[in-house]
Amino acid sequence: MPRVAVTLQNNAPRDAPDRIRRHVPHYCALETATRVWNRVMADALDGTFDPITDIAVVNVNSNFSSELFTEEATVVVEVAKIGTTSVTLGVGIEQGGIRAADMSVTLVQVGDGRTVSRPWSPEQIASLEALRSPAALADQA
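The structure is reproduced here in structure tokens:
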């Protein structure tokens, strides 16, 4: 399961008070998580997949249990479920040794024109399987 170090950012004005400039709003954290899961998917599928044009995001659930700050964090990405045309990712954001956010993201692979879904190839499924967490594999056994 990939763990990617990032520095979280926000969009606060330069003249905002320090307490505002340090806080990372949820939408900035989601944008960072999106960049990471796109990179993880592109790397896993070894250039056969463009996360911008080849997927549609059909569901995102997020829970934030701790405030995030404009500091280093770790984004953890793992495959929770693989469907015929979809994949559900578990995404977490950790900061300062604390799991601050958990997300479930369902992506669907789309065909040309982005109007219909396209099944994963056997090679893509094998690559996605490699992103499963040991716990998810144990649950299926």
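The sequence shown maps to residues -16 to 124 in this note's numbering.
Note that beta-carbon positions come from the ideal geometry of N, C-alpha and C, so glycine has one too.
Alpha carbon to alpha carbon, how far is residue j from residue i? Give it in angstroms, no decimals.
i, j, result
"glycine 66", "alanine 113", "15 Å"
"threonine 22", "aspartate -2", "What sits at residue 22 in the sequence shown is arginine, not threonine. Going from the Cα of arginine 22 to the Cα of aspartate -2 covers about 33 Å."
"proline 34", "glutamate 77", "23 Å"
"glutamate 106", "aspartate 37", "16 Å"
"arginine 97", "aspartate 1", "43 Å"
"cysteine 11", "alanine 109", "32 Å"
"serine 104", "leucine 13", "28 Å"
"aspartate 95", "glycine 80", "42 Å"
"serine 87", "asparagine -7", "22 Å"
"serine 45", "alanine 56", "17 Å"
"phenylalanine 47", "leucine 111", "26 Å"
Check for me: the beta strand (DSSP E) holding residue i runs from which residue to which?
i, result
"serine 87", "81 to 92"
"glutamine -8", "Counting along the chain, glutamine -8 falls outside any beta strand (DSSP E), and DSSP gives it neither H nor E."
"leucine 72", "69 to 78"
"isoleucine 38", "38 to 47"
Taking 7 Å as the limit between beta carbons, can you name the residues of its chain near residue i, skipping five residues before and five after?
i, result
"threonine 89", "Val41, Asn42, Ser69, Thr71"
"arginine 115", "Glu61, Val62"
"valine 19", "Val(-13), Val(-11), Val58, Val60"
For residue i, which residues of its own chain have a beta-carbon under 8 Å away from its beta-carbon, when the five flanking residues on both sides are left out?
i, result
"proline 102", "Thr67, Thr68, Gln92"
So residue i packs on residue j, CB below 8 Å; how close in whole Å?
i, j, result
"valine -11", "valine 58", "6 Å"
"phenylalanine 32", "alanine 39", "Actually they do not touch by this definition, with Cβ atoms about 13 Å apart."
For residue i, which residues from the same chain have a beta carbon less than 6 Å from its beta carbon, with the 5 sequence-adjacent residues on both sides left out?
i, result
"threonine 17", "none"
"glycine 75", "Val59, Arg82, Asp85"
"alanine -5", "Ile3, Arg4"
"proline -15", "Val23, Val60"
What is the residue span of the alpha helix (DSSP H) that residue i lies within?
i, result
"threonine 57", "First-last for threonine 57: 55 to 65, but that is the beta strand (DSSP E), not the alpha helix (DSSP H)."
"alanine 12", "9 to 27"
"isoleucine 108", "105 to 112"
Open item on the list: Does the segment 42 to 52 come into contact with the segment 2 to 21, if we say contact requires no fewer than three beta-carbon pairs (one atom in each stretch) closer than 8 Å?
Closed with: Note that the segment 42 to 52 touches the segment 2 to 21; at least 3 beta-carbon pairs, one per stretch, sit closer than 8 Å.
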